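Residue numbers (my numbering), protein chains in the order written: chain A, 1 to 154; chain B, 1001 to 1102.
Every residue gets a Cβ at the ideal spot worked out from N, C-alpha and C, and that includes glycine.
These numbers come from a predicted model, not from an experiment.
Heads up: the structure comes next, in structure tokens.
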């Protein structure tokens, strides 16, 4: 399958995605924004602990930084909705988009309790739609990384 | 290095001085990145390159350390800088923590 993100000669990124995929990718960041206004446990990978062996410093860190991290994630998710409908974006846009796609993957993976071991599935397993979306997001992140890595020094 | 003719004095430490915070200030802070089953290896390598400016080879080898050994030290230095890196790694969805070096 061809990479849906293609770096063009003028330095922009051409995005080629089917309509239904674009609709889905416009919808998901909005769902993420809604979820981030709650304290759903599936968000824990998006707001990790910084001081894992010092409760006092951890509380202080979260007091100052959690809001900043939330604002940064909210703004990124809002931009991602716009990228989903665009045919041409900048490399910076792609970086921000990949970040959001990865955040979605972290939430979904946490919900599905993904581990490094293969998951044994029966055909009627109710985790299948979630896992399909998880794998689609992983594919997009990997494709995005391929383009973004080219702009980084060897 | 001490000159040989200077008598070596063994400092006597009270229990308090062992936990003196002025000594703690000298120990650098380290940022650790922990293995997780969700983030892609290619993504983690790219984040290391982007956040720390590492070469692709160095970023890749650190990513493999995280993956194979369960964690890797990606930074060592002052606390404020360590916090800044932890924040940036969190922004990218990596599982990073910090602690004072032993």
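Length at least 4, wholly inside the region 1044-1081 of chain B: the alpha helix (DSSP H) runs in chain order: Within the region 1044-1081 of chain B, the runs of alpha helix (DSSP H) that reach at least 4 residues and sit entirely inside it are, in chain order, 1056-1069.
Environment of residue 25 of chain A [buried if 16+ CB atoms lie within 10 Å]: Looking at its Cβ environment, which holds 16 or more other Cβ atoms inside 10 Å, residue 25 of chain A is buried.
Cβ of residue 1062 of chain B within 7 Å of any chain A Cβ: The C-beta of residue 1062 of chain B comes no closer than 7 Å to any C-beta of chain A.
Could you tell me if residue 153 of chain A is buried or exposed, where buried requires 16 or more neighbouring beta carbons within 10 angstroms of its beta carbon? Its Cβ having fewer than 16 others within 10 Å, residue 153 of chain A is exposed.
State yes or no: is the beta carbon of residue 1080 of chain B nearer than 7 Å to at least one beta carbon in chain A? Interface flag for residue 1080 of chain B against chain A is unset, since no Cβ pair is found closer than 7 Å.
Identify whether residue 77 of chain A lies in helix, strand or coil by the three-state DSSP scheme. Residue 77 of chain A sits in a helix when the DSSP states are folded into three classes.
Residue 85 of chain A: buried (16+ other C-beta within 10 angstroms of its C-beta) or exposed? Residue 85 of chain A comes out exposed.
What's the C-alpha gap between residue 107 of chain A and residue 59 of chain A? The alpha-carbon atoms of residue 107 of chain A and residue 59 of chain A are separated by roughly 23 Å.
CB contact check: residue 1087 of chain B to chain A, cutoff 7 Å: Chain A contact via Cβ: present.
By alpha-carbon positions, which one of A:146, A:112 and A:27 ends up nearest to residue 125 of chain A? The residue among A:146, A:112 and A:27 with its C-alpha nearest the C-alpha of residue 125 of chain A is A:112.
Name, going along the chain, the residues of the region 100-114 of chain A whose beta-carbon falls closer than 9 Å to a beta-carbon of chain B. Here the close residues are 102, 103, 105, 106, 108, 109, 110 and 114.
Residues bridged to residue 1029 of chain B [DSSP beta-bridge criterion]: According to the DSSP secondary-structure assignment, residue 1029 of chain B is paired through a beta bridge with B:1077 and B:1100.
Beta-bridge pairing of residue 89 of chain A - partner residues as DSSP gives them: Residue 89 of chain A pairs with A:13.
Whose C-beta lies closer than 7 Å to the C-beta of residue 20 of chain A among residues of the same chain, with five residues either side of it excluded? Closer than 7 Å at Cβ, skipping near neighbours: no residue.
Which term fits residue 1098 of chain B, buried or exposed, when burial requires 16 or more other beta carbons within 10 angstroms of its beta carbon? With 16 or more other Cβ atoms within 10 Å, it is buried.
Are the Cβ atoms of residue 142 of chain A and residue 1061 of chain B separated by less than 7 Å? Their beta carbons are not under 7 Å apart, which means residue 142 of chain A does not touch residue 1061 of chain B by this criterion.
Consider the Cβ of residue 50 of chain A: report whether some Cβ of chain B lies at a distance smaller than 7 Å. Under the Cβ criterion of 7 Å, residue 50 of chain A is counted among the residues facing chain B.
Could you tell me which of A:70, A:49, A:71 and A:72 sits nearest to residue 61 of chain A, measuring between CA atoms? Nearest option by C-alpha distance: A:49.
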